[in-house]
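Keeping their order, the protein sequence lines are chains A and B. So the numbering used here is basically just the index in the first sequence, starting at one, shifted up by 172. So the numbering used here is basically just the index in the second sequence, starting at one, shifted up by 172.
Protein chains: 2
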Amino acid sequence: MNATPLLFTPLPINTLVLPNRVVVTAMVTRLSGEDGLVNKDITDRYVRFAKGEAGLIVVEASAVHQSKSGPLLRMCADEFIPGHRAMLKQMREAGPSKVALQIIHFLKIARSGWRQTVDLLTRAELAAIVQAYGEAALRVREAGYDAVELHMAHAYTLSSFLSAKNKRRDAHGGQSLEARLRLPSEVLVRVREMVGNDYPVGVRFDGEEAIKGGYGLTDSKYIALRLAQLGADYISLSAGGKFEDAIKKEGEPLYPYTGYSGDRTMPPASYPDGANVYLAEAIKQFINAHGYHTPVVTTGKIATPTLAEEILQSGKADLIGFARALLADPDWPRKARAGRADKIVRCIYGNICKNLDENFKQVRCGSLWPRKYLHAPSAPEDTAPPAWAESGAALTARLNENGQVRLIWSGAEDAQGVYGYEIFRAVNGGPFVHLTSSLTPVHVDAYALAGNRYAYFVRAYDFAGNRSADSNVAEIFVETRFALPAGKTLELDGSVEAQKGYVA
Amino acid sequence: MNATPLLFTPLPINTLVLPNRVVVTAMVTRLSGEDGLVNKDITDRYVRFAKGEAGLIVVEASAVHQSKSGPLLRMCADEFIPGHRAMLKQMREAGPSKVALQIIHFLKIARSGWRQTVDLLTRAELAAIVQAYGEAALRVREAGYDAVELHMAHAYTLSSFLSAKNKRRDAHGGQSLEARLRLPSEVLVRVREMVGNDYPVGVRFDGEEAIKGGYGLTDSKYIALRLAQLGADYISLSAGGKFEDAIKKEGEPLYPYTGYSGDRTMPPASYPDGANVYLAEAIKQFINAHGYHTPVVTTGKIATPTLAEEILQSGKADLIGFARALLADPDWPRKARAGRADKIVRCIYGNICKNLDENFKQVRCGSLWPRKYLHAPSAPEDTAPPAWAESGAALTARLNENGQVRLIWSGAEDAQGVYGYEIFRAVNGGPFVHLTSSLTPVHVDAYALAGNRYAYFVRAYDFAGNRSADSNVAEIFVETRFALPAGKTLELDGSVEAQKGYVA
Chain A
173 MNATPLLFTP
183 LPINTLVLPN
193 RVVVTAMVTR
203 LSGEDGLVNK
213 DITDRYVRFA
223 KGEAGLIVVE
233 ASAVHQSKSG
243 PLLRMCADEF
253 IPGHRAMLKQ
263 MREAGPSKVA
273 LQIIHFLKIA
283 RSGWRQTVDL
293 LTRAELAAIV
303 QAYGEAALRV
313 REAGYDAVEL
323 HMAHAYTLSS
333 FLSAKNKRRD
343 AHGGQSLEAR
353 LRLPSEVLVR
363 VREMVGNDYP
373 VGVRFDGEEA
383 IKGGYGLTDS
393 KYIALRLAQL
403 GADYISLSAG
413 GKFEDAIKKE
423 GEPLYPYTGY
433 SGDRTMPPAS
443 YPDGANVYLA
453 EAIKQFINAH
463 GYHTPVVTTG
473 KIATPTLAEE
483 ILQSGKADLI
493 GFARALLADP
503 DWPRKARAGR
513 ADKIVRCIYG
523 NICKNLDENF
533 KQVRCGSLWP
543 RKYLHAPSAP
553 EDTAPPAWAE
563 SGAALTARLN
573 ENGQVRLIWS
583 GAEDAQGVYG
593 YEIFRAVNGG
603 PFVHLTSSLT
613 PVHVDAYALA
623 GNRYAYFVRA
633 YDFAGNRSAD
643 SNVAEIFVET
653 RFALPAGKTL
663 ELDGSVEAQK
673 GYVA
Chain B
173 MNATPLLFTP
183 LPINTLVLPN
193 RVVVTAMVTR
203 LSGEDGLVNK
213 DITDRYVRFA
223 KGEAGLIVVE
233 ASAVHQSKSG
243 PLLRMCADEF
253 IPGHRAMLKQ
263 MREAGPSKVA
273 LQIIHFLKIA
283 RSGWRQTVDL
293 LTRAELAAIV
303 QAYGEAALRV
313 REAGYDAVEL
323 HMAHAYTLSS
333 FLSAKNKRRD
343 AHGGQSLEAR
353 LRLPSEVLVR
363 VREMVGNDYP
373 VGVRFDGEEA
383 IKGGYGLTDS
393 KYIALRLAQL
403 GADYISLSAG
413 GKFEDAIKKE
423 GEPLYPYTGY
433 SGDRTMPPAS
443 YPDGANVYLA
453 EAIKQFINAH
463 GYHTPVVTTG
473 KIATPTLAEE
483 ILQSGKADLI
493 GFARALLADP
503 DWPRKARAGR
513 ADKIVRCIYG
523 NICKNLDENF
533 KQVRCGSLWP
543 RKYLHAPSAP
553 EDTAPPAWAE
563 SGAALTARLN
573 ENGQVRLIWS
583 GAEDAQGVYG
593 YEIFRAVNGG
603 PFVHLTSSLT
613 PVHVDAYALA
623 GNRYAYFVRA
633 YDFAGNRSAD
643 SNVAEIFVET
653 RFALPAGKTL
663 ELDGSVEAQK
673 GYVA
């Protein structure tokens with residue numbers, strides 16, 4: 173029985189047919205040089221994704237203009253095409269994924285903290301932006317990409333026009349939603365003219381800005397409708413990632429994603445799973461009700477094939493976007509399709525990748541990948557799982573003085589290397605669920621609460637995702653004294669006995 | 173037929189029975205003096221609420237300690253009791269509402285921007301906070317209030333302990349949820365000891381902090397469970413309102429609610445209706461599944477009796493909290509109960525009240541109340557509606573150069589004064605819905621979008637909420653040229669003909 177039938181059902185996007193509903197959304201890598209050319213590191217990163225067999229891989233944002241911006245790909249002149257063409261050739265040899273390139277325009281920022289805002293742009297500059305997008309899109313087609321994606325999300329130019337914080341006073345200004353929509357609409361229309369009706373053009377934009385005075389669903393459902401009306405072939409939803417709440421670091425230019433809105437773009441472990449799905453759900457429902465069936469991509473802390481399939485089955489989105497989950501394990505789609513979700517190296521949303529980006533360093537999975545790996549480990553031929561020593565994992569659970577549970581166990585062994593450990597927890601006799609993962613054989617559970625009985629076991633995994641046998645189970649009861657003022661004997665009403673069973 | 177049967181079903185809270193499910197949540201008024209005593213303005217404000225017949229009125233936060241803080245009520249010594257007792261007497265004569273007092277502890281802030289944080293408090297200071305809450309709660313009971321509410325939300329002391337940003341390193345610190353829960357738990361236990369088991373003790377806290385690194389539902393469902401386990405009689409949910417993202421104003425101390433998290437506390441018009449209901453829904457579901465049926469109060473942009481009833485009927489909350497909606501019209505519950513929702517003066521979430529608070533001014537409804545009114549107008553005996561002049565309202569709708577619709581009409585007349593105008597809009601032949609309200613006979617619709625046909629009418633209302641006859645209907649089609657680059661003739665796919673009907 174196929175546990176994820178919809179996730180692996182092909183989906184047509186204009187003339188293109190995606191082999192499945194898994195989308196690798198555009199991620200900053202900081203792997204290119206200042207020259208904006210595709211290099212070996214970039215190529216290796218995307219070939220690695222291609223081996224994993226996602227339905228659509230969106231290659232990172234490439235500039236439509238000749239602005240200085242550190243390690244960022246460019247598509248602002250024909251000289252950039254050959255590098256992309258060569259990378260695409262390797263990607264197509266590696267797997268069946270379709271590939272899009274995201275194109276971006278951004279405004280100037282300075283280390284002083286100054287940044288160019290949309291109200292400073294002349295009409296001639298607006299016309300140049302429209303034309304640059306059109307020409308870059310044509311280059312994307314000429315390079316052999318299957319689709320082009322227009323970046324209208326986060327802190328960049330087109331998003332800043334859509335923004336409720338757009339301060340212009342003219343026909344491209346913030347005094348009406350229609351005026352805010354104008355430049356993004358002009359770009360989409362010009363791109364369509366350049367690439368033709370038969371070429372897939374997607375758009376990524378924010379379902380919610382998540383800043384003070386920013387827009388939310390009340391506006392974004394109309395923005396999506398307009399993009400659909402203008403013929404966008406898919407709508408990919410993000411959230412936040414704005415300059416307005418970015419945290420200033422002395423001597424560095426402002427960087428979006430450093431503030432609260434950046435947490436909303438890449439929800440950390442403390443957020444619920446599928447934290448941004450409500451945006452896709454509301455927007456899809458709205459455009460569908462208006463007679464448009466433009467596919468909608470949702471993203472944001474979707475870790476498991478089960479959750480991805482549920483979102484599709486319930487009609488909340490048409491495609492599932494993954495950034496961190498597939499950075500952690502590019503083989504996620506291949507393993508899920510083969511019914512081997514148990515071999516996926518699960519993202520724990522520790523956001524070390526996000527931190528590396530914020531500190532202008534090359535982006536890798538610092539939570540899970542073995543140190544010094546620039547790309548995800550790969551050992552597809554390895555089927556031998558890690559093994560515990562003869563004395564077993566010897567997992568122990570002890571309470572510290574604050575009622576936290578400290579877990580320690582013995583390391584496992586594997587011929588090709590142990591990658592890490594998954595930690596599972598059950599509360600008050602309920603089912604075991606994956607709590608988090610760790611590179612080292614120790615973990616402190618800071619979410620154990622008084623009055624509850626916890627059981628834990630751990631599992632080692634290797635580079636191929638093979639899992640060891642489960643460790644012994646370590647159980648512990650957190651006494652109610654941890655919840656109560658010293659000397660009090662009040663019993664918690666909600667003692668284990670009173671509880672109806674485990675609820676996650 | 174009763175359109176709101178659940179909203180007007182009584183609800184027991186410990187030994188108390190609330191006559192209905194409408195809660196006036198605690199609101200800053202800035203009407204008291206620096207002396208912290210109940211005065212005439214405060215009394216008038218709450219007597220006005222009592223006339224409206226809400227089930228529970230929570231009187232504004234009163235300090236449990238003797239800290240300087242501008243115009244804020246206090247309950248830190250017995251001398252403050254008589255003023256409350258006198259106010260309660262007047263409130264009980266005015267209507268059947270039950271009345272609670274919210275009690276608060278806050279830390280020091282300075283105009284320099286410095287603020288005292290929880291990690292600076294000594295153990296002795298923590299013990300003093302616990303004791304001050306206990307003693308203040310006893311005074312609340314002695315003053316004759318029906319219940320006491322502990323303020324654990326927003327930027328104040330107990331919320332700062334619950335916060336994921338709690339920087340303490342000890343047993344009351346941020347290294348585990350258990351430790352963050354400790355001081356709030358100690359306070360609740362001490363208050364219970366002081367007021368006895370038969371006295372209703374409610375707690376208000378944030379379902380989501382809405383700041384970078386702050387907690388969300390993953391934590392707040394456990395916080396609610398612990399509060400239920402410790403015997404809280406109701407749980408009232410707010411969101412945000414933190415110092416961490418407050419906007420610094422030169423020469424003024426930091427004020428919460430000025431940043432994004434403050435928008436989440438009091439969602440402005442751009443947010444969807446019932447913007448925070450998802451917090452109550454998830455938390456109620458969680459504690460219910462653990463066997464606790466502590467009533468949950470939801471708040472945040474709930475304007476109509478219909479929406480309030482829907483929330484109750486769908487089991488997402490047990491009580492509906494209103495701040496701005498009942499500030500705008502304290503007679504909301506009385507009118508809703510009488511089936512006269514059509515007489516409610518509807519809050520338009522313009523947040524002038526919020527702005528007044530942020531600027532340290534007396535809080536009133538600046539969007540809707542006639543100028544110079546310190547409290548909501550009242551004219552219950554007036555049944556004569558406003559009337560248009562003989563030539564009618566003469567409503568006209570014109571497009572400006574950006575495609576915005578400018579509405580102008582002739583003012584109405586009323587013997588006791590016209591209060592304002594409601595503006596209704598229909599899109600592409602769909603139903604008319606309330607768009608907003610205006611004090612003056614002019615409105616610019618900044619959300620009209622190209623390719624749509626809009627119809628508008630207006631209705632005048634007087635101080636009692638009596639409505640005039642509907643004006644004439646003014647119709648207008650916003651041409652697609654407003655959505656498209658100059659010179660382009662591309663037709664919108666989503667022209668009026670293609671649309672399946674109106675979708676809000």
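Each residue gets a CB set at the ideal place from its N, CA and C atoms; glycine is no exception.
Against chain B, a Cβ distance below 7 Å from A/F654 picks out E350. Bridge partners of A/R287 according to DSSP: A/I281.
B/Y432 is not a Cβ neighbour of B/N186, given a cutoff of 8 Å.
For A/A622, the chain B residues whose Cβ falls inside 7 Å of its Cβ are E350, in order along the chain. With its beta carbon less than 8 Å from one in chain B, A/T390 belongs to the interface.
A/A598 is the residue among A/A598, A/S643, A/P603 whose C-alpha sits nearest the C-alpha of A/L621. Shown in chain order are the members of the stretch 569-585 of chain A whose Cβ falls below 8 Å from a Cβ of chain B: E573, N574, G575, Q576. Across the structure, B/F649 and B/R570 are spaced so that their CA atoms are roughly 10 Å apart.
For the stretch 423-439 of chain B, the set of positions with a beta-carbon nearer than 9 Å to some beta-carbon of chain A reads T430, G431, Y432, S433, G434, D435, P439 in chain order. With 16 or more neighbouring CB atoms inside 10 Å of its own CB, B/I459 falls in the buried class.
For A/S408, the uninterrupted beta strand (DSSP E) run begins and ends at 406-410, by DSSP. At a cut-off of 8 Å, the C-beta of A/K384 has a neighbouring C-beta in chain B.
When the Cα atoms are used, A/E594 and A/V614 turn out to be separated by approximately 11 Å.
B/E647 is bridged by DSSP to B/A627.
B/A497 sits in a helix when the DSSP states are folded into three classes. In summary, B/S539 is buried, with 16 or more beta-carbon neighbours lying within 10 Å of its beta-carbon over all protein chains present.
Inter-segment contact for the stretch 516-525 of chain B and the stretch 598-612 of chain B is present: three or more beta-carbon pairs are separated by less than 8 Å. Beyond the five residues adjoining it in sequence on each side, A/Y443 comes within less than 7 Å, by CB distance, of K473 in the same chain, given in chain order. With contacts defined by Cβ atoms closer than 8 Å, B/T176 and B/A508 form a contacting pair. For A/G255, the secondary structure class from DSSP, reduced to helix, strand or coil, is helix. Close CB contacts of A/R436 within its chain, under the 6 Å cut and outside five residues either way in sequence, are with A382, A411, G412 (chain order). Beta-bridge annotation (DSSP): A/M324 is paired with A/F377. Between the alpha carbons of A/G379 and B/S335 lies a gap of roughly 27 Å. In terms of beta-carbon proximity, A/R398 lines the interface with chain B, with at least one pair separated by less than 8 Å.
For B/S563, no chain A residue has a C-beta closer than 7 Å to its own C-beta; the minimum C-beta separation is roughly 31 Å. Looking at the backbone, the Cα of B/N192 and that of B/L228 are separated by about 8 Å. For B/T568, the enclosing beta strand (DSSP E) starts and ends at 568-571. Taking B/A475 as the centre and dropping the five residues before and after it, the same chain places the C-beta of D445, A497, R518, C519, Y521 closer than 8 Å to its C-beta, in chain order.
DSSP places B/Y633 in the strand class (E or B) of the three-state scheme. Of all residues in the stretch 604-633 of chain B, only A618, Y619, A620, L621, A622, G623 place a beta-carbon less than 8 Å from a beta-carbon of chain A.
Excluding sequence positions up to five before and after A/V449, its CB lies within less than 8 Å of the CB of T470, G472, I474, I483, K488, A489, all in the same chain and listed in chain order. Contact with chain B is found for A/A343, since one of that chain's Cβ atoms lies less than 8 Å from the residue's Cβ. Membership of A/I276 in any alpha helix (DSSP H) is not indicated; the residue belongs instead to the beta strand (DSSP E) covering 270-276. Within the same chain, Cβ atoms closer than 7 Å to the Cβ of A/Q485 are found at L178, the five residues on either side in sequence being excluded. Fewer than three Cβ pairs drawn from the stretch 582-593 of chain B and the stretch 622-629 of chain B lie within less than 8 Å of each other, which leaves the two stretches out of contact. The beta carbon of B/E358 is closer than 7 Å to those of V302 in its chain, skipping five residues each way along the sequence.
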